[in-house]
Amino acid sequence: MELVSLKQLFQRLSSGGRLLGLDVGSRNIGLAVSDPKCRIASPHSVMYRSNTTTLKNISRLESLVQEMNITGLVIGYPLELTGFQGKQGAQVKLFAKELQMSGRFPNLAYVYWDERLTSVAVTNVIGSMDITGRRRKNIVDKMSALCILQVLGGFFKSLLAQ
């Protein structure tokens with residue numbers, strides 16, 4: 064697994080493949096997947112996260128990468144409002160390192176994407192809906208991963224226009 068620039072990720076996608084967006088939280092990981100041309104993203108699922116589920120989550124991600132022809136990961140990176148890495152940002156980097164150290168993703172590229180306030184924005188959008196508890200949290204996690212991919216898709220679209 065290799066950390067690359069956005070431009071390098073875009074170049075790798077020119078040969079085909081999808082992106083998998085990850086919104087890594089302390090308890091859950093929201094997942095979203097792009098279409099093969101990386102123009103549209105769709106919410107996928109939520110994985111429960113704890114110290115005892117790391118290997119299970121790595122195996123599940125490995126299966127998703129193979130089944131869906133994933134070329135790259137877009138990992139939401141929650142910077143503090145000041146622009147500096149906070150506690151959650153450190154957890155995200157640790158999760159990425161665990162994926163990398165597993166050795167199961169040798170050809171996979173990944174980028175970090177600033178996702179400050181994504182979950183807050185999604186929560187505000189679904190705020191008026193009659194959804195509560197765990198179901199609401201799962202929707203927020205998946206939709207946050209979706210937002211990460213959609214914004215990146217817009218960036219790639221601008222690269223195509225150049």
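Mapping the sequence shown onto this note's numbering, position 28 (from 1) lands on 91, and the numbers just tick up by one. Backbone N, C-alpha and C define an ideal beta-carbon position, used for all residues, glycine too.
In the displayed model, Arg81 falls within a strand according to three-state DSSP. Distance from the Cα of Val67 is smallest, within the candidate group Leu209, Ser207, Leu215, Tyr175, for Tyr175. Straight-line spacing of the CA atoms in His107 and Ala95 works out to 5 Å. Pairing Val203 with Leu162, the inter-Cα distance amounts to about 23 Å. Note on geometry: alpha-carbon atoms of Glu178 and Leu142 lie some 7 Å from one another. If one requires a minimum length of 3 residues, the beta strand (DSSP E) runs lying completely within the stretch 93-142 are 104-111, 133-140, in chain order.
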